[in-house]
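Per my numbering, the very first residue in the sequence shown carries number 72; after that it's consecutive.
Ideal placement from N, C-alpha and C gives every residue a C-beta, glycine not left out.
Here the structure comes first, spelled out in structure tokens, and everything after it is commentary.
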Amino acid sequence: GTKPRGGDPIWSSGFLPSVYQATSLDPRGKKPIDNLQRPGDLNENQQRSLLNVLKSANAKHAKSRPLDRDLNARLESFELAFRMQTAAPEAFDLSKEPQHIQESYGLNRDDSKEYGRQCLTARRLIERGVRFVQVFASCPKITGGAVLDVPWDAHSDINGNHRACASTVDQPTAALLSDLKQRGLFEDTIVIYGGEFGRTSDSQGSAGRDHNPNAFTTWFAGGGFKGGAQYGSTDEFGYKSVENRVNAHDIHATVLHQMGIDHTNLTYRFNGRDFRLTDVEGDVLTDILA
């Protein structure tokens, strides 16, 4: 429900035009997006007429500023907001789902209902053609050993922390994968589950674990990835990756490959220089592909 630390830059458009910046949602209530409702004194046709006038004026304004990406994104956002007023309320209305589906995602459990709402909303958005959806694995407030807005950050009591966090995400995650399969969406959807670092194998503080960027796990499902496969291994202490080490560029290259894009040819002009998402590195991990 609460945004992760870092705020809006986490889902910025990066080097892409601003129009590709994501929209953040609140999964806790009936209004996942603020101010989405049309003013009560306007019907759809009246609002469309007003937006057409605004669009014409904005086009003239933008013509004199062809390189202003933020301005172009702002103009696009008006049209997007109008379309979302009709499409979004239906997509976010989880009450339309059968009771057994809601329960399969853990919406009837206090500890998993928030994450379950995210997963069920993700499936509904994917079903309606949304190309990219990100959910954040929150943690119940009963979790010990973590700052409340930083789930999984178990600098103390890792057993209590991870037990509660795993209970929160396990059922909704399994339900999402099962639901995608039953609806024929699994093979066309790449599911990536991971974070930015792991935990150390030695104890910290009161039975906790410190951050460890040298070894951690990310798993993939659907989208042509091989089920049940394991790639890479750590040393005997679980501290460092030692075999088939993978970095972020490899993951980007592999995901782009599954989307039909050659990562070596994918460049962006930014501040007078061509950038590649995979920089000068990145290998497609063919061993984990079906």
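| query | result |
| --- | --- |
| Restricting to Cα atoms, I'd like to know which of L348, R234 and D259 is closest to G85. | L348 |
| Got a sec, what are the start and stop residues for the alpha helix (DSSP H) F149 sits in? | R140 to A162 |
| So G303 and N315 are in contact, right, with Cβ under 8 Å, and what is the actual spacing, rounded? | 4 Å |
| Is Q275 helix, strand or coil when you go by DSSP? | strand |
| Pull the bridge partners of L360 from the DSSP assignment, please. | F296 |
| DSSP three-state label for S304, please. | strand |
| Would you list the residues sitting across from S95 in a DSSP beta bridge? | DSSP, once it has assigned bridges, lists no residue as partnering S95. |
| Which residue marks the beginning of the alpha helix (DSSP H) containing R340, and which one marks its end? | Here R340 belongs to no alpha helix (DSSP H); instead the beta strand (DSSP E) covers T338 to F341. |
| Beta strand (DSSP E) containing D321: first to last residue? | Where D321 is concerned, there is no enclosing beta strand (DSSP E), although the alpha helix (DSSP H) it sits in stretches over A319 to Q329. |
| Where R188 and R195 are concerned, what is the direct C-alpha to C-alpha distance, given to the nearest angstrom? | 10 Å |
| Does the beta-carbon of G255 have 16 or more other beta-carbons within 10 angstroms, so that it is buried, or is it exposed? | exposed |
| Spatial neighbours of A193 within its chain, please: C-beta separation below 7 Å, excluding the five flanking residues on both sides. | V204, V206 and L247 |
| From this set, Y310, G309, E307 and T288, which residue's C-alpha is nearest A300's C-alpha? | T288 |
| According to the neighbour-count rule (16 or more other Cβ atoms, all chains shown, within 10 Å of its Cβ), is K134 buried or exposed? | exposed |
| Decide if R270 is buried, meaning its Cβ has at least 16 other Cβ atoms within 10 Å, or exposed. | buried |
| Pull up the distance between the alpha-carbon of L151 and that of N114, whole angstroms please. | 17 Å |
| When you compare the CB positions of L191 and E168, do they come within less than 8 Å of one another, or not? | yes |
| Per DSSP, what kind of secondary structure is H282 in: helix, strand or coil? | strand |
| Grouping DSSP H, G and I as helix and E and B as strand, with all else coil, what is Y186? | helix |
| Counting Cβ pairs closer than 8 Å, one from the segment 122 to 137 and one from the segment 76 to 83, do we hit at least three? | no |
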